[in-house]
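Read through the structure below, which is laid out as C-alpha coordinates, and then see the notes.
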(Lines of atoms letter the chains of each structure in order from A and count residues from 1; the text may use other names and numbers.)
(Lines give C-alpha, C1' and ligand atoms only; values in the text may rest on other atoms or scores of the structure.)
Protein backbone atom coordinates (compact mmCIF):
# COMPACT_ATOMS: atom_id res chain seq x y z
CA UNK A 1 0.00 0.00 0.00
CA UNK A 2 1.33 3.45 -0.91
CA UNK A 3 0.92 6.28 1.60
CA UNK A 4 0.88 10.01 1.00
CA UNK A 5 0.86 13.05 3.25
CA UNK A 6 -0.70 16.25 1.92
CA UNK A 7 -0.04 19.41 3.91
CA UNK A 8 -1.09 23.03 3.35
CA UNK A 9 -2.08 26.28 5.06
CA UNK A 10 -5.09 28.42 4.19
CA UNK A 11 -6.05 32.01 4.94
CA UNK A 12 -7.51 32.09 8.47
CA UNK A 13 -10.79 33.58 7.22
CA UNK A 14 -11.31 30.53 4.98
CA UNK A 15 -10.28 27.76 7.40
CA UNK A 16 -13.77 26.98 8.74
CA UNK A 17 -15.19 26.73 5.22
CA UNK A 18 -12.30 24.49 4.19
CA UNK A 19 -13.06 22.19 7.12
CA UNK A 20 -16.75 22.05 6.12
CA UNK A 21 -15.83 21.19 2.52
CA UNK A 22 -13.42 18.47 3.67
CA UNK A 23 -16.21 16.94 5.79
CA UNK A 24 -18.54 16.95 2.76
CA UNK A 25 -15.83 15.29 0.66
CA UNK A 26 -15.28 12.57 3.29
CA UNK A 27 -19.03 11.92 3.43
CA UNK A 28 -19.14 11.52 -0.36
CA UNK A 29 -16.12 9.22 -0.17
CA UNK A 30 -17.98 7.01 2.34
CA UNK A 31 -20.93 6.80 -0.06
CA UNK A 32 -18.83 5.53 -2.97
CA UNK A 33 -17.06 2.97 -0.74
CA UNK A 34 -13.68 2.61 -2.39
CA UNK A 35 -12.10 -0.41 -0.63
CA UNK A 36 -8.59 0.15 -2.01
CA UNK A 37 -8.44 3.63 -0.42
CA UNK A 38 -8.04 4.99 3.11
CA UNK A 39 -8.30 8.73 3.67
CA UNK A 40 -8.10 10.89 6.77
CA UNK A 41 -7.85 14.62 7.30
CA UNK A 42 -7.03 16.86 10.26
CA UNK A 43 -6.85 20.52 11.17
CA UNK A 44 -3.90 21.59 13.27
CA UNK A 45 -4.19 23.53 16.50
CA UNK A 46 -3.32 26.90 14.94
CA UNK A 47 -6.54 26.66 12.92
CA UNK A 48 -5.34 27.28 9.38
CA UNK A 49 -2.98 24.35 8.77
CA UNK A 50 -4.40 21.08 7.46
CA UNK A 51 -3.02 17.68 6.60
CA UNK A 52 -4.46 14.65 4.88
CA UNK A 53 -3.19 11.07 4.89
CA UNK A 54 -4.03 8.99 1.84
CA UNK A 55 -3.38 5.25 1.59
CA UNK A 56 -4.01 3.52 -1.71
CA UNK A 57 -3.26 0.06 -3.07
CA UNK A 58 -1.78 1.21 -6.35
CA UNK A 59 -0.81 4.87 -5.89
CA UNK A 60 -3.83 5.98 -7.93
CA UNK A 61 -5.98 8.69 -6.32
CA UNK A 62 -9.50 7.60 -7.38
CA UNK A 63 -11.22 10.39 -5.46
CA UNK A 64 -9.97 13.17 -7.74
CA UNK A 65 -13.05 12.77 -9.96
CA UNK A 66 -15.58 13.22 -7.12
CA UNK A 67 -17.58 16.47 -7.43
CA UNK A 68 -16.94 17.49 -3.81
CA UNK A 69 -13.17 17.10 -4.28
CA UNK A 70 -13.15 19.13 -7.49
CA UNK A 71 -15.36 21.81 -5.92
CA UNK A 72 -13.11 22.22 -2.85
CA UNK A 73 -9.98 22.21 -5.01
CA UNK A 74 -11.38 24.95 -7.25
CA UNK A 75 -12.37 27.09 -4.25
CA UNK A 76 -8.94 26.64 -2.65
CA UNK A 77 -7.18 28.50 -5.44
CA UNK A 78 -6.00 31.82 -4.08
CA UNK A 79 -6.96 30.92 -0.51
CA UNK A 80 -3.84 28.92 0.34
CA UNK A 81 -0.95 30.53 2.18
CA UNK A 82 1.37 27.63 1.43
CA UNK A 83 1.20 24.27 -0.28
CA UNK A 84 -0.24 21.91 -1.02
CA UNK A 85 2.79 19.72 -0.47
CA UNK A 86 2.41 16.05 -1.40
CA UNK A 87 4.95 13.55 -0.08
CA UNK A 88 4.94 9.79 -0.20
CA UNK A 89 6.00 8.17 3.07
CA UNK A 90 6.76 4.77 4.52
CA UNK A 91 5.38 3.92 7.94
CA UNK A 92 7.99 2.68 10.40
CA UNK A 93 5.46 1.38 12.89
CA UNK A 94 2.72 2.36 15.28
CA UNK A 95 1.73 1.72 18.86
CA UNK A 96 -1.98 1.04 19.31
CA UNK A 97 -2.19 0.29 23.03
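In the numbering used here, the protein residues as written are 12 to 108.
Glycine residues also receive a C-beta, built at the ideal position from the N, C-alpha and C atoms.
Contact check, residue i vs residue j, beta carbons under 8 Å
i          : j          : result
residue 30 : residue 54 : yes
residue 59 : residue 23 : yes
residue 37 : residue 52 : yes
Same chain only: Cβ atoms within 8 Å of residue i, ignoring 5 sequence neighbours per side
i          : result
residue 93 : 19 and 20
Paired residues, beta bridge with residue i - DSSP
i          : result
residue 54 : 61
residue 67 : 13 and 48
Beta-carbon contacts of residue i that lie in its chain and below 6 Å, excluding the five residues immediately before and after
i          : result
residue 98 : 16
residue 13 : 67 and 70
Candidates the options, of which the one nearest residue i by Cα
i          : options            : result
residue 62 : 81, 104, 91 and 76 : 91
residue 46 : 79, 33, 74 and 57  : 74
residue 48 : 65, 37 and 57      : 65
residue 76 : 103, 43 and 28     : 43
DSSP three-state assignment for residue i, whether helix, strand or coil
i           : result
residue 88  : coil
residue 101 : coil
residue 19  : strand
Cβ neighbours of residue i in the same chain (closer than 7 Å, five flanking residues each side left out)
i          : result
residue 72 : 65
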